[in-house]
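Engineer: With our numbering, letter number 81 in the sequence shown gets 81, and the count goes up by one each step, no holes. Glycine residues also receive a C-beta, built at the ideal position from the N, C-alpha and C atoms. Here the structure is a predicted model, which is why all the values come from computation and not from measurement. Structure in structure tokens, see below.
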Amino acid sequence: MGALAAGGWGLLAGSALLFGAAVGLFFRVPAQWTALVMAFGSGVLISAVSYDLVAEAYERGGLAPTALGALGGAGVYSLANVALARRGARHRKRSGAQQPSEQDRPGSGGAIALGALLDGVPESVVIGTGLLGGGSVGAATVVAVFLSNLPEGMASAAGMRQAGRSKGYVMGLWAAIALVSGLAALVGYTVLGGASETVMAAITAVAAGAILAMIADTMIPEAFENAHLLAGLTTVTGFLVAFALAQL
């Protein structure tokens, strides 16, 4: 039952990508609105990383595994992101005309798909590991991932539409990512069940570092470009909402 619960929570959080993609694909949402949702989601996710992931990693393994894990996660994410950016996935979360078309950059569609996986898997793994040892998934974590996935889907789908990608491609991509999110949560629960506290601390910190790097590299630039001076206030609002949820 624990594995099924982990997969279900991961699928629920990942389903926001599909819902957001449908909104971005079939409706012309003003760019500033999308940016404000992106800023809010960034704040929520930063709060969840700080109070759910990094704090938990520190309690389980101490400072060294937490710091090394976070730096390792950020480093691996950044290197992978650089490689994908060179293949046309640099602007995968941008809602404007920044994304290249397949004609302009052959293979960019596949790079964008891999980039979406890179962004989503760490979030889902920590949802699964949160259930280990009889624990429960923190509401703030699930809400944070859900709210961050919603604008991701909206912005990416809008950008893909402007790049000339078909509706079938866009919806199929995000449906696949949502399913992978559920599987990643399930794998996080089943594979890491026998891991020591130090190993769990390092893995949690790796996910936290990757998520923070993802926020800085892909979410905040989209939020600031279109929301400008409102981005900071909206990000802090999201942070405080998630912090309040974590105290319930």
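Say whether the region 176-184 touches the region 59-71, bearing in mind that this needs 3 or more beta-carbon pairs closer than 8 Å, one atom from each stretch.
Structural biologist: Too few Cβ pairs lie closer than 8 Å, so no.
Engineer: Where does V29 sit, in a helix, a strand or coil, going by DSSP?
Structural biologist: coil
Engineer: Using the rule of at least 16 other Cβ atoms within 10 Å of the residue's Cβ for burial, across every protein chain shown, is P122 buried or exposed?
Structural biologist: buried
Engineer: What three-state label does DSSP hand G164 in the structure shown?
Structural biologist: coil
Engineer: Is DSSP giving S15 helix, strand or coil here?
Structural biologist: helix
Engineer: K167: which of L4, G14, G24 and F146 sits nearest, CA to CA?
Structural biologist: G24
Engineer: Measuring straight from C-alpha to C-alpha, what distance separates L212 and V82?
Structural biologist: 16 Å
Engineer: If I follow the unbroken alpha helix (DSSP H) through V54, where does it start and stop?
Structural biologist: It is not in any alpha helix (DSSP H) - V54 carries neither H nor E in the DSSP assignment.
Engineer: Closest by CA to V143, which one among Y189, G164, L240 and I203?
Structural biologist: It is L240 whose Cα lies nearest to the Cα of V143.
Engineer: Determine the closest residue to L53 out of A70, M38, F40 and A64, with distance taken between C-alpha atoms.
Structural biologist: Closest option to L53, Cα to Cα, is A70.
Engineer: Would you call the region 5-19 and the region 194-212 touching, i.e. three or more CB-CB distances under 8 Å?
Structural biologist: no
Engineer: Any contact between the region 187-202 and the region 153-162? By contact I mean 3 or more CB pairs, one from each, below 8 Å.
Structural biologist: no
Engineer: Mapping DSSP to helix, strand and coil, what is L229?
Structural biologist: coil
Engineer: On a CA-only basis, which of I220, G43 and N149 is nearest A244? Give me that one, please.
Structural biologist: G43
Engineer: Should S196 be labelled buried (16 or more other beta-carbon atoms within 10 Å of its own) or exposed?
Structural biologist: exposed
Engineer: How is the alpha helix (DSSP H) around G72 delimited, first residue to last?
Structural biologist: L63 to L84
Engineer: Note down the Cα distance separating L79 from D217, rounded to an integer number of angstroms.
Structural biologist: Their backbone Cα atoms lie some 12 Å apart in a straight line.
Engineer: Among the candidates L17, F26, G41 and A21, whose CA atom is the shortest distance from the CA of P221?
Structural biologist: G41
Engineer: For G20, tell me which candidate among S47, D104 and F146 has the shortest Cα-Cα distance.
Structural biologist: F146
Engineer: If you draw a straight line from the alpha carbon of M38 to that of Y51, how long is it in whole angstroms?
Structural biologist: 20 Å
Engineer: CB L17 to CB I177, shorter than 8 Å?
Structural biologist: yes
Engineer: Near P151, which residues of its chain fall below 7 Å by C-beta distance, leaving aside the five closest residues on each side in sequence?
Structural biologist: G20, T34, V37, M38 and G41
Engineer: Can you list, in chain order, the stretches of the alpha helix (DSSP H) that have 4 or more residues and sit fully within the region 191-220?
Structural biologist: For the region 191-220, whole alpha helix (DSSP H) runs of length 4 or above, ordered along the chain, are 197-214.
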